[in-house]
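*Asks:* Have a look at this one.
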Amino acid sequence: MKIKSIRGFHDILPESIKRWHFVEDAAKRIFELYGFSEIRIPVLEFTDVFSRSLGTTTDIVEKEMYTFTDRDGSSLTLRPEGTAGIVRAYIENSMHAKSSITKLYYTGMMFRHERPQKGRFRGFYQIGAELIGPQEPSSDAELVVMLWRFFEEIELTPFLVLEISSLGDQNCRPQYKEKLVQYFAPQKEELCEDCQRRLQVNPLRILDCKQKRCKEIAANAPSMLDNLCEECETHFNYVKENLLSVGIPFTINPKIVRGLDYYTRTVFEITTDKLGSQNAVAAGGRYDGLVEELGGPATAAVGFAMGMERIVLLQEIALPEGFQKKVDVFIAYLGEEAKKAAFPLAFNLRKKGVSVETDYGSKSLKSQMKRADKLGANFTFIIGEEELKQGVVKVRDMKESKEEDIKFEDIINLSETFQP
RNA sequence: GUGCGUGUAGCUCAGGUUGGUUAGAGCACUGGGUUGUGGUCCCAGGGGUCGCCGGUUCAAAUCCGGUCACGCACCCCA
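Using the working numbering, you'd call the opening residue of the first sequence number 321 and step up by one each time.
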């Protein structure tokens, strides 16, 4: 048996890591600008943390978690998403007592036992942010704006659509659910098997069923947005107004139903039509009940998570070129003496911030030049017997194909000229 | 979890239907043409358990079964 990675888990190789850094750096920069701080939490939690917060009837909890029993018999789960663990950490560290407003972001691998597909993995990276404390709609809006700003920063917005909706709250959602059940019940026989089950457990989910007949029936179903209580409607309108005031383009899609039970009021999704059926790039919403549900003080919160693999995939489509690593200087040497002289030269140039590559063996000048070219070196330094004798380095400008002898002792002072 | 498709060199792919000597190409890699000069060109070389396991056969990359992985759709979701 050849050794290999687990199904649905993948390596991110050096040739694509620049894109990952680009995306991660932009996220960190923007999020910090909006006052968020990074938090790092464990990958493994007690299973309760997830089953209590995500809702026991969700697919994630029902059939997608990597759950196993620890040596002492306790049930542990590899995190399938970030929010539950953040809230656990928020409560455990009494963060509510340190400040009434807590802004956190995180990155890391999540685990879901799904059938792998393009843009869907069993081990995948997410970046997410949580704004815990305020219940006012301007916090929802700020979070959505920040997310959109991030996508603007990495130039992906031309490929993206932002959709928002409201799921109501403890007051209006139960009534709405009741209305939905009443609407669907008479046509129950025509719904697909899944939806017949959903009618019992979570009628909201019928709204985003993809079956043709279910869609037809759902088309005339009452909308949550027409059934919001006054507080929820005011909240939703305020969010929309805030978004409009800064020119963030969005559409309202009352059919957005989040996969996790903890959401209340505002929900949003950013999707693309460039990635096939795994079209959600980022999604989130308000979850005012979760902190209390997990044993903390009643605390409002909004958050989102985005899928790194999907963003990087999109990024490759948007910007196919321009992420190759470049070297400032390649030092080519001929002979053992020159090799020994090249070593401290490389050391000192790197100390000055110049990126330097060299050979390690004793290849021909030709093959060293070839490698310099392949690495995209701006300059190649050639050191041979002649140069050693004269105490110079032959500096070749690779783009201009021009050469110039520079004295060994002057090279370091000129280091800035070798960087683009 | 379901359906369909694909799996041959590091990469992209021929060959397979009509089983038959050493399984090919381009790119990449190494070396040489130019005993010290890249990106073009020419020459040569290295590299393949034909995804894996089993079956049919004198003989399997080729036919059959299973399995694994990937892709697409369902599902789900970031």
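Even for Gly, the Cβ is constructed at its ideal location relative to N, Cα and C.
Just so it is clear, the structure is predicted and the values come from calculations on it, not from any experiment.
So is residue 715 buried or exposed if we call it buried at 16+ other beta carbons inside 10 Å?
*Replies:* What you label residue 715 is simply residue 395 of the first sequence in a count that begins at 1. Looking at its Cβ environment, which holds 16 or more other Cβ atoms inside 10 Å, residue 715 is buried.
*Asks:* In terms of alpha-carbon separation, which member of 523, 457, 477 lies closest to residue 601?
*Replies:* For this step, residue 601 is matched to residue 281 along the first sequence. Here the closest residue by C-alpha is 477.
*Asks:* My understanding is that residue 622 touches residue 697, with C-beta atoms under 8 Å, so please give their C-beta distance in whole angstroms.
*Replies:* Within the first sequence, residue 622 is the residue found at index 302, counting from 1. Within the first sequence, residue 697 is the residue found at index 377, counting from 1. Between residue 697 and residue 622 the Cβ distance is about 48 Å, and since that is not below 8 Å, they are no contact.
*Asks:* Which residues in the same chain have their Cβ closer than 7 Å to the Cβ of residue 620, if we skip the five residues on either side of it in sequence?
*Replies:* Taking the first sequence and counting its residues from 1, one reaches residue 620 at position 300. Taken in chain order, the residues that qualify are 453, 454, 455, 608.
*Asks:* Determine whether the beta carbon atoms of residue 370 and residue 347 lie at a separation below 8 Å.
*Replies:* On the first sequence, residue 370 is found 50 positions in, with the first residue counted as 1. On the first sequence, residue 347 is found 27 positions in, with the first residue counted as 1. Their beta carbons are not under 8 Å apart, which means residue 370 does not touch residue 347 by this criterion.
*Asks:* At which residue ranges does the region 486-569 contain complete alpha helix (DSSP H) runs of 4 or more residues, listed in the order of the chain?
*Replies:* Segments of the alpha helix (DSSP H) lying fully in the region 486-569: 493-504, 513-521, 532-539, 550-565.
*Asks:* Just the Cα atoms here: how many angstroms apart are residue 561 and residue 433?
*Replies:* On the first sequence, position 241 is the one that residue 561 refers to. On the first sequence, position 113 is the one that residue 433 refers to. So the alpha carbons of these two residues sit roughly 40 Å apart.
*Asks:* Should residue 483 and residue 571 be called a contact, given that it needs their Cβ atoms to be closer than 8 Å?
*Replies:* Sequence index remark: in the first sequence, residue 483 carries index 163 (1-based). Sequence index remark: in the first sequence, residue 571 carries index 251 (1-based). Yes.
*Asks:* Secondary structure at residue 345, three-state DSSP: helix, strand or coil?
*Replies:* As a position in the first sequence, residue 345 is number 25, starting the count at 1. Of the three classes helix, strand and coil, the one that applies to residue 345 here is helix, per DSSP.
*Asks:* Just to confirm my understanding: we take residue 470, look at its own chain, exclude 5 residues before and 5 after, and list those with CB closer than 7 Å. What are they?
*Replies:* For the purposes of this step, residue 470 is identified with residue 150 of the first sequence, where counting begins at 1. Taken in chain order, the residues that qualify are 346, 347, 350.
*Asks:* For residue 725, which three-state DSSP category applies?
*Replies:* To locate residue 725, count along the first sequence from 1; it is residue 405. Residue 725: strand per DSSP, three-state reduction.
*Asks:* Which same chain residues end up closer than 7 Å to residue 740 when comparing Cβ atoms and leaving out the 5 residues on each side of it in sequence?
*Replies:* Here the question's residue 740 lines up with position 420 in the first sequence. Taken in chain order, the residues that qualify are 698.
*Asks:* Assuming residue 446 contacts residue 375 under a Cβ cut-off of 8 Å, what Cβ separation, rounded to an integer in Å, is found between them?
*Replies:* Counting from one through the first sequence, the residue named residue 446 turns up at place 126. Counting from one through the first sequence, the residue named residue 375 turns up at place 55. 19 Å between Cβ atoms; not a contact.
*Asks:* Could you give the distance in angstroms between the alpha-carbon of residue 501 and the alpha-carbon of residue 523?
*Replies:* The count along the first sequence starts at 1 and reaches residue 501 at position 181. The count along the first sequence starts at 1 and reaches residue 523 at position 203. Going from the Cα of residue 501 to the Cα of residue 523 covers about 7 Å.
*Asks:* With residue 459 and residue 407 assumed to form a contact (beta carbons below 8 Å), what rounded beta-carbon distance in angstroms separates them?
*Replies:* Start at 1 with the first residue of the first sequence, and residue 459 comes out as number 139. Start at 1 with the first residue of the first sequence, and residue 407 comes out as number 87. Going by Cβ atoms, the distance from residue 459 to residue 407 rounds to 16 Å, so no, they are not a contact pair.
*Asks:* Give the straight-line distance between the Cα atoms of residue 550 and residue 617, rounded to the nearest whole angstrom.
*Replies:* Taking the first sequence and counting its residues from 1, one reaches residue 550 at position 230. Taking the first sequence and counting its residues from 1, one reaches residue 617 at position 297. When rounded, the distance between both Cα atoms is 25 Å.
*Asks:* Here's the rule: buried if 16 or more other CB atoms are within 10 angstroms of the residue's CB, otherwise exposed. What is residue 589?
*Replies:* Residue 589 sits at position 269 when you count from the first residue of the first sequence. Residue 589 is buried by the Cβ-count criterion.
*Asks:* What's the call for residue 353, buried or exposed, on a 16-neighbour Cβ count within 10 Å?
*Replies:* Locating residue 353 in the first sequence gives position 33, where the first residue counts as 1. With fewer than 16 other Cβ atoms within 10 Å, it is exposed.
*Asks:* What are the start and end residues of the alpha helix (DSSP H) that includes residue 371?
*Replies:* The residue labelled residue 371 in the question sits at position 51 within the first sequence. Per DSSP, residue 371 belongs to the alpha helix (DSSP H) from 367-374.
*Asks:* Tell me the rounded alpha-carbon separation between residue 532 and residue 506.
*Replies:* Here residue 532 is taken as the residue at index 212 of the first sequence, counted from 1. Here residue 506 is taken as the residue at index 186 of the first sequence, counted from 1. So the two alpha carbons sit approximately 18 Å from each other.
*Asks:* Hey, out of 564, 526, 544, 517, whose CA is closest to residue 495's CA?
*Replies:* Numbered from 1 along the first sequence, position 175 holds the residue referred to as residue 495. The candidate whose alpha carbon is nearest that of residue 495 is 544.
*Asks:* Within the same chain, show all residues whose beta-carbon is closer than 7 Å to that of residue 624, passing over the 5 residues directly before and after it, in chain order.
*Replies:* Indexing the first sequence from 1 puts residue 624 at position 304. Contacts found: 448, 449, 463, 467, 602, 603, 604.
*Asks:* Does the separation of the CB atoms of residue 363 and residue 628 fall below 8 Å?
*Replies:* Position 43 of the first sequence holds residue 363. Position 308 of the first sequence holds residue 628. No, the pair does not count as a contact, with Cβ atoms beyond the cut-off.
*Asks:* Go ahead and label residue 542 buried or exposed: buried means 16 or more other beta carbons lie within 10 angstroms of its beta carbon, across all protein chains shown.
*Replies:* Walking along the first sequence from the start, residue 542 turns up at place 222. When all chains shown are included, residue 542 counts as exposed.
*Asks:* Do the CB positions of residue 487 and residue 583 come within less than 8 Å of each other?
*Replies:* Start at 1 with the first residue of the first sequence, and residue 487 comes out as number 167. Start at 1 with the first residue of the first sequence, and residue 583 comes out as number 263. Result yes, Cβ atoms of residue 487 and residue 583 sit closer than 8 Å.
*Asks:* Alpha carbon to alpha carbon, how far is residue 525 from residue 564? Give it in angstroms, no decimals.
*Replies:* Against the first sequence, residue 564 aligns to sequence position 244. Against the first sequence, residue 525 aligns to sequence position 205. When rounded, the distance between both Cα atoms is 29 Å.
*Asks:* Considering only the alpha carbon of each residue, which of 700, 720, 426 lies closest to residue 685?
*Replies:* Taking the first sequence and counting its residues from 1, one reaches residue 685 at position 365. The candidate whose alpha carbon is nearest that of residue 685 is 700.
*Asks:* Does the distance from the C-beta atom of residue 400 to that of residue 356 stay below 8 Å?
*Replies:* Counting from one through the first sequence, the residue named residue 400 turns up at place 80. Counting from one through the first sequence, the residue named residue 356 turns up at place 36. No, the pair does not count as a contact, with Cβ atoms beyond the cut-off.
*Asks:* Find out if the Cβ-Cβ distance for the pair residue 575, residue 514 is shorter than 8 Å.
*Replies:* For the purposes of this step, residue 575 is identified with residue 255 of the first sequence, where counting begins at 1. For the purposes of this step, residue 514 is identified with residue 194 of the first sequence, where counting begins at 1. For residue 575 and residue 514, no; Cβs fall outside 8 Å.
*Asks:* Which two residues bound the contiguous beta strand (DSSP E) that contains residue 424?
*Replies:* The sequence position of residue 424 within the first sequence is 104, counting from 1. That run of the beta strand (DSSP E) goes 422-431.
*Asks:* Compute the Euclidean distance between the alpha carbons of residue 573 and residue 692, then round it to the nearest angstrom.
*Replies:* Taking the first sequence and counting its residues from 1, one reaches residue 573 at position 253. Taking the first sequence and counting its residues from 1, one reaches residue 692 at position 372. Each residue's Cα considered, the two are about 54 Å apart.
*Asks:* Is DSSP giving residue 714 helix, strand or coil here?
*Replies:* Translated into positions along the first sequence, residue 714 becomes position 394. Reduced to three states, the DSSP call for residue 714 is strand.
*Asks:* Taking the straight line between their C-alpha atoms, what separation do you get for residue 744 and residue 585?
*Replies:* This structure cannot settle anything about residue 744, because the visible part of the chain is limited to 321 through 740.
*Asks:* Please classify residue 667 as buried or exposed, where buried requires at least 16 other C-beta atoms within 10 Å of its C-beta.
*Replies:* Here the question's residue 667 lines up with position 347 in the first sequence. It is exposed - the Cβ of residue 667 has fewer than 16 other Cβ atoms within 10 Å.
*Asks:* Any idea what DSSP makes of residue 446, helix, strand or coil?
*Replies:* Residue mapping note: residue 446 aligns to position 126 of the first sequence, counting from 1. Looking at residue 446 - three-state DSSP - the assignment turns out to be strand.
*Asks:* With burial defined as no fewer than 16 other Cβ atoms inside 10 Å of the residue's Cβ, what is the status of residue 439: buried or exposed?
*Replies:* Reading the first sequence from its first residue, position 119 is the one you call residue 439. Buried.
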